[in-house]
Ligand code: ADP
Ligand code: MG
């Protein structure tokens, strides 16, 4: 055995130091053992850099302290067993040359156990003899006992170099795929942690100390290879805090920056338009509407630009609040704009707002993408000259060439259909207008803290009086015609109905249009031959859509067959029934929005969900809708079903996806992270203090170039 040379003795090798940012710049293929094939498979798992590799966190940990010995297993019980593979063989009749499952013989020193695994047959190749696995499932009696595995995971590969990190009591189980099996993922993570060395923590040390959180380096190590449950929990908490804190700091920086630098219109409405408008309404405002109008008007009086989110469930009467704000802008000599996500909704707002203001000296114009060039030119002229007081429109409102004389208020309706990017466009045009964004999408209040963290929030938590809950029924395809018989009763009572076509694609492809036309024909000829049945879909020309909506509103059309173009906002109070065909294909919030179309009148409304739910999730969605009326409640259920991942799609928020935090579970952490983030930014708005620089760099990398301006001096 050779003695170490003197240079090895005097210069002990220190672990390398690194930053997350530096690790993001290092491709994962620099790790030993990552060739092109593994690189491609890792990419599918979302891992391309060394940073990605160390943050490829386990989806769970198997606790090996609860395992049973094979010799002690009883038929009928559910058990977890650890053993070494003796042999494997495929089982089941092959389909296109592939077996549907495999069977593995395990040995654990107390006995042999055949384990059957259905699906995941790609795992068989990785289960060489001597591989140690942990399996869970039900013990069955079949030629002796066997185990029907619900899960099977590799613990280690049988005395190889990887035994060290895998030998603990908690075995991390990683998201893996065909191309990189679990054991390889574990090995690569180990190598990545070695290559990373000591990872610098972007969060301030005093903050961590205050919350008793481990530093980043320790947390990452512990999440992968925890010593015990308590440390694992602390490490997870730290990573959740980390993720939420970065987002909240970005939001706080933005809010404080805007508050400091922007000046907006100081609205001095005198009520000369607003008061007569409210007086002429056919109903009194609800208490919630009154309170929210007050909150909005108070914001508008300040010089600081308003940034307020108005949340109110479907049918809670947000439009009236919007009109009150628009009138206040006009009273103060400014212009107001309201932007809707669809042409159908923009048209409807235009009609209903014009009608409710017809006795007042207010000019309302409509601007959409499908107007003729001449119409558009004239409208733009009136907007630029200031002759148009209130402008209703679609995205067309924020396109180039639209100049306002003095835009002082923007209302964005159904904000969940727009991204954050679009919200900021108005802000950059000249003086900063006040902004009111409205949404019905059921996002629980608490979650909106994160989603819209830089907005003040107002909530309409009360529906207008007399609203009846919508009787909601799940109807199997066989009961479809009976459901239509009930619709007929509504029609006979002088009311109207929507029939929603199954969703093929949101984009309204040609197949959707054809399916919609066929459904209309079927209903018109076979089900309601004595009634007028109309059609509305996204591919119709603007004038055709307008005509169809007008005919439905005037009751000339009694049954409107429609695609999801009617999802948001459409308001025809005489409609008291809605049939949703292919209901299992819609998302929960979409179903809730659709059902909201019949929540508006005084007749007890009915909703029929025709569907043949094939998955547990689609059945749960339909059952949730049948059980709950409240949008907030429904969105909580939705989050539970979907596992939150999709909540933060870029279309909805422009915010990064959450990787470790779960909002329902980690709400307390969110509240803390938010408080700390706002406090930190208040003391150092551009994060220029030397000890805040690593944090600033992280936020830049997380939120992208959009946030550059936040940190300029
Ligand atoms: P949403 O919040 O979904 O946008 P709307 O503003 O379209 O709801 O209002 C839904 C319906 O309720 C409309 O027909 C509207 O005229 C009516 N409405 C609004 N406020 C009241 C109220 N305070 N009392 C009775 N009906 C109201
Ligand atoms: Mg609305």
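In the UniProt record's numbering, the protein residues as written are 1 to 713.
Built from N, CA and C at the ideal position, the CB exists for glycine as well.
#1: Since residue 172 contacts residue 61 with CB under 8 angstroms, what's their CB separation in whole angstroms?
#2: Might you give, ordered along the chain, the residues of its own chain that have their beta carbon closer than 6 angstroms to the beta carbon of residue 58, omitting 5 neighbours on each side?
#3: Say the cut is 7 angstroms; is the CB of residue 663 nearer than that to a heavy atom of ligand 1?
#4: Would you mind giving the Cβ-Cβ distance between residue 197 and residue 18, rounded to the nearest angstrom? I have them listed as a contact below 8 angstroms.
#5: Cβ of residue 270 versus every heavy atom of ligand 2: is any distance shorter than 7 angstroms?
#6: Would you decide whether residue 259 is buried or exposed? Buried here means 16 or more other CB atoms lie within 10 Å of its CB.
#7: I'd like the list of long-range same chain contacts for residue 263, defined as Cβ closer than 8 angstroms, with 5 residues on each side in sequence excluded.
#8: Return yes when the Cβ of residue 269 is within less than 8 angstroms of the Cβ of residue 356, no when it is not.
#9: Where in the segment 186-269 do unbroken runs of the alpha helix (DSSP H), each at least 4 residues long, occur, reported from the N-terminal end onward?
#10: In terms of residue numbering, what span does the alpha helix (DSSP H) encompassing residue 36 cover?
#11: Helix, strand or coil: how does DSSP classify residue 398 here?
#12: Going by CA-CA distance only, name the one from 687, 557, 402, 361 that's closest to residue 378.
#13: Cα separation between residue 166 and residue 616?
#14: Could you check which residue in 558, 385, 192, 680 has the C-alpha nearest to that of residue 55?
#15: With residue 356 as the anchor, note down where its alpha helix (DSSP H) starts and where it stops.
#16: Starting from residue 562, trace the beta strand (DSSP E) both ways and give me its first and last residue.
#17: What residue range is occupied by the uninterrupted alpha helix (DSSP H) comprising residue 591?
#18: When the Cα atoms are used, what is the spatial distance from residue 116 to residue 688?
#19: Quick one, which of 380, 528, 474 has its alpha-carbon nearest residue 492's?
#20: Quick check on this structure: which residue in 86, 254, 545, 631 has the alpha carbon closest to the alpha carbon of residue 107?
#21: Taking the continuous alpha helix (DSSP H) assigned at residue 308, which residues delimit it?
#22: Restricting to Cα atoms, I'd like to know which of 359, 406, 339 is closest to residue 394.
#23: Our contact map puts residue 216 next to residue 201 with C-beta atoms below 8 angstroms; I'd like the distance itself, whole angstroms only.
#24: In the DSSP output, which residue or residues are listed as bridge partners for residue 102?
#25: Reducing DSSP to helix, strand and coil, say where residue 21 ends up.
#26: What does a CB cutoff of less than 7 angstroms around residue 543 pick up in its chain, not counting 5 residues either side in sequence?
#27: Roughly how many whole angstroms lie between the Cα atoms of residue 205 and residue 254?
#28: When you compare only the Cα positions, how much space is there between residue 411 and residue 37?
#29: Please state whether DSSP places residue 438 in a helix, a strand or coil.
#30: With a threshold of 6 angstroms on Cβ separation, who are the neighbours of residue 176 within its own chain once the five nearest residues in sequence on each side are excluded?
#31: Buried or exposed for residue 316, please, with buried defined as at least 16 other CB atoms from any protein chain shown within 10 angstroms of its CB.
#32: Taking C-alpha atoms, which residue in 376, 409, 187, 387 lies nearest to residue 400?
#33: Just to confirm the assignment, what range does the beta strand (DSSP E) spanning residue 720 have?
#34: Are there any heavy atoms of ligand 2 lying less than 7 angstroms away from the beta-carbon of residue 413, as far as the coordinates show?
#35: Quick one: what's residue 63 bridged to in DSSP?
#36: To the nearest angstrom, how far is the alpha carbon of residue 660 from that of residue 585?
So, from the data block:
#1: 5 angstroms
#2: Closer than 6 angstroms at the Cβ level, and outside the excluded window around residue 58, lie 172, 173, 174.
#3: no
#4: 5 angstroms
#5: no
#6: Under this definition residue 259 is an exposed residue.
#7: 303, 304, 305, 431, 432
#8: no
#9: Scanning the segment 186-269 for uninterrupted alpha helix (DSSP H) segments of 4 residues or longer gives 205-211, 216-224, 229-261, listed from N- to C-terminal end.
#10: 36-44
#11: Reduced to three states, the DSSP call for residue 398 is helix.
#12: 402
#13: At residue 166, the pLDDT of 42 sits below 50, so the modelled position is not reliable; the number obtained from the coordinates is stated separately. For residue 166 and residue 616, the distance between alpha carbons rounds to 35 angstroms.
#14: 192
#15: If you look at residue 356, you'll find it in the alpha helix (DSSP H) that goes 343-356.
#16: 559-562
#17: 588-595
#18: 59 angstroms
#19: 528
#20: 86
#21: Counting along the chain, residue 308 falls outside any alpha helix (DSSP H), though it belongs to the beta strand (DSSP E) covering 307-312.
#22: 339
#23: 4 angstroms
#24: 90, 117
#25: helix
#26: none
#27: About 23 angstroms.
#28: One C-alpha to the other measures close to 51 angstroms.
#29: strand
#30: 182, 185
#31: buried
#32: 376
#33: Residue 720 is absent from the model: the chain starts at 1 and stops at 713.
#34: yes
#35: 170
#36: 28 angstroms
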